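J.: Residue numbers (UniProt numbering): 1 to 242.
Right, I'll just put the structure down here and ask away after.
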């Protein structure tokens, strides 16, 4: 069921990338979400525009902002609130980021199966990395979720920021007696970071999360939860996080 014109607008905010496949993926996700809850606009906090503040100034109506991030680090805790403040719109609700969430863990396992993973194979969760301990914590939460689904320990390796790097973890898992090691790509879209995983020495690398139905459902759920909370909030309540 799509939303009504009286419902707040939905703004999906992503990091931003120069890779056209990443941009196309976010656009496709927004299109899919639009079919569930109504028109969905997109903004980026880095690399390219429009910025969230630009979209918020243009929209000029109550808005639910969904951060399209798999973990809550600097961009979610600092960039997004700063952009909202710069947008001059006092009727913006910021939802939690997409991850960690069981829905994402289920997609990761499905991507592993598509890559050839079978029960008994070891798994390493590969994430971009962050200097923010909150983001690193979120990734480890996701690793535990995946571990519970595949019934084997899942270690975390970082692609760009932080130690240990993915290749090191793959080597350590293999040295521990693993017969086959697969990498779960904790990335939303294909691009430079994902391509680096081809060189980590794994027996298989799963595709990024992409525009899977559970991800579309997750964005729609974030939006609807925020809308429901706004309906219950006192009249004139200030902007808040859902």
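Each residue gets a CB set at the ideal place from its N, CA and C atoms; glycine is no exception.
If you're wondering where the values come from, they're calculated on a predicted model, not measured in any experiment.
Using a Cβ-Cβ cutoff of less than 7 angstroms, which residues in the same chain neighbour residue 107 once the five nearest sequence positions on both sides are dropped?
T.: The sequence position of residue 107 within the chain shown is 107, counting from 1. So the qualifying residues of the chain are 209, 212, 214, 215.
J.: Consult DSSP for residue 69 and reduce its assignment to one of helix, strand or coil.
T.: Your numbering for residue 69 matches position 69 in the chain shown. Here residue 69 sits in coil by DSSP.
J.: Under a three-way DSSP split, which group does residue 206 fall into?
T.: For the purposes of this step, residue 206 is taken as residue 206 along the chain shown, with counting starting at 1. In the structure shown, residue 206 sits in coil (DSSP, three-state: anything other than H, G, I, E or B).
J.: Should residue 179 be listed as close to the ligand MG, given that the test is whether its C-beta is under 7 angstroms from any heavy atom?
T.: With respect to the ligand MG, the structure offers nothing, as it holds no ligand at all.
J.: In its own chain, which residues sit with a C-beta less than 8 angstroms from the C-beta of residue 57, not counting the 5 before and 5 after it?
T.: On the chain shown, residue 57 is found 57 positions in, with the first residue counted as 1. Within the same chain, residue 57 has close Cβ partners 87, 88, 89.
J.: Residue 150 by DSSP, collapsed to three states: which one?
T.: Within the chain shown, residue 150 is the residue found at index 150, counting from 1. Correct three-state label for residue 150: helix.
J.: Looking only at DSSP bridge pairs, what is residue 144 linked to?
T.: As a working note, residue 144 is residue 144 in the chain shown. Per DSSP, none; premise fails for residue 144.
J.: Alpha carbon to alpha carbon, how far is residue 149 from residue 24?
T.: Position 149 of the chain shown holds residue 149. Position 24 of the chain shown holds residue 24. In a straight line, the C-alpha of residue 149 is about 30 angstroms away from that of residue 24.
J.: Buried or exposed for residue 200, please, with buried defined as at least 16 other CB atoms from any protein chain shown within 10 angstroms of its CB.
T.: In the chain shown, the residue the question calls residue 200 occupies position 200. Buried, by the Cβ-count rule.
J.: What runs of the beta strand (DSSP E), each 3 residues or longer, lie entirely inside the segment 64 to 133?
T.: Within the segment 64 to 133, the complete beta strand (DSSP E) runs of at least 3 residues are 92 to 94, 122 to 127.
J.: CB-CB under 8 angstroms to residue 206, same chain, minus the five flanking residues each way: which ones, in chain order?
T.: Position 206 of the chain shown holds residue 206. So the list reads 108, 111, 112, 114, 115, 117, 182, 183, 184, 185, once near-sequence residues are dropped.
J.: I'd like to know if the segment 7 to 18 and the segment 52 to 70 are in contact, where contact means that at least 3 CB-CB pairs between them fall below 8 angstroms.
T.: Because the criterion of three Cβ pairs below 8 angstroms is met, the segment 7 to 18 and the segment 52 to 70 touch.
J.: Where does residue 187 sit, in a helix, a strand or coil, going by DSSP?
T.: Mapped onto the chain shown, residue 187 falls at position 187. It is coil, neither helix nor strand.
J.: Would you be able to state if there are at least three C-beta pairs under 8 angstroms between the segment 95 to 105 and the segment 116 to 131?
T.: The answer is no - the segment 95 to 105 does not touch the segment 116 to 131, with fewer than three Cβ pairs under 8 angstroms.
J.: Measuring only the C-alpha atoms, how far is residue 194 from residue 164?
T.: Locating residue 194 in the chain shown gives position 194, where the first residue counts as 1. Locating residue 164 in the chain shown gives position 164, where the first residue counts as 1. Cα to Cα, residue 194 sits roughly 17 angstroms from residue 164.
J.: Does the Cβ of residue 160 have 16 or more other Cβ atoms within 10 Å, making it buried, or fewer, making it exposed?
T.: Locating residue 160 in the chain shown gives position 160, counting from the first residue. Label assigned to residue 160: exposed.
J.: Counting pairs of Cβ atoms below 8 angstroms between the segment 133 to 153 and the segment 70 to 79, do you hit three or more?
T.: In short, these stretches touch, since the Cβ pair count reaches three.
J.: For the candidate residues 64, 155, 85, whose alpha-carbon lies nearest to that of residue 39?
T.: In the chain shown, residue 39 corresponds to position 39, counting from 1. Of the listed residues, the one whose Cα sits closest to residue 39 is 64.
J.: Where residue 171 and residue 179 are concerned, what is the direct C-alpha to C-alpha distance, given to the nearest angstrom?
T.: On the chain shown, position 171 is the one that residue 171 refers to. On the chain shown, position 179 is the one that residue 179 refers to. Straight-line Cα distance between these residues: approximately 12 angstroms.
J.: What is the rounded straight-line gap between the Cα of residue 102 and the Cα of residue 80?
T.: Along the chain shown, read from residue 1 onward, the residue named residue 102 stands at position 102. Along the chain shown, read from residue 1 onward, the residue named residue 80 stands at position 80. Roughly 24 angstroms separates the two Cα atoms.
J.: Out of 42, 34, 46, which one is the CA nearest neighbour of residue 59?
T.: Reading the chain shown from its first residue, position 59 is the one you call residue 59. Ranking the options by Cα distance to residue 59, first place goes to 42.
J.: For residue 40, which residues does DSSP report across the bridge?
T.: The count along the chain shown starts at 1 and reaches residue 40 at position 40. Answer is 10.
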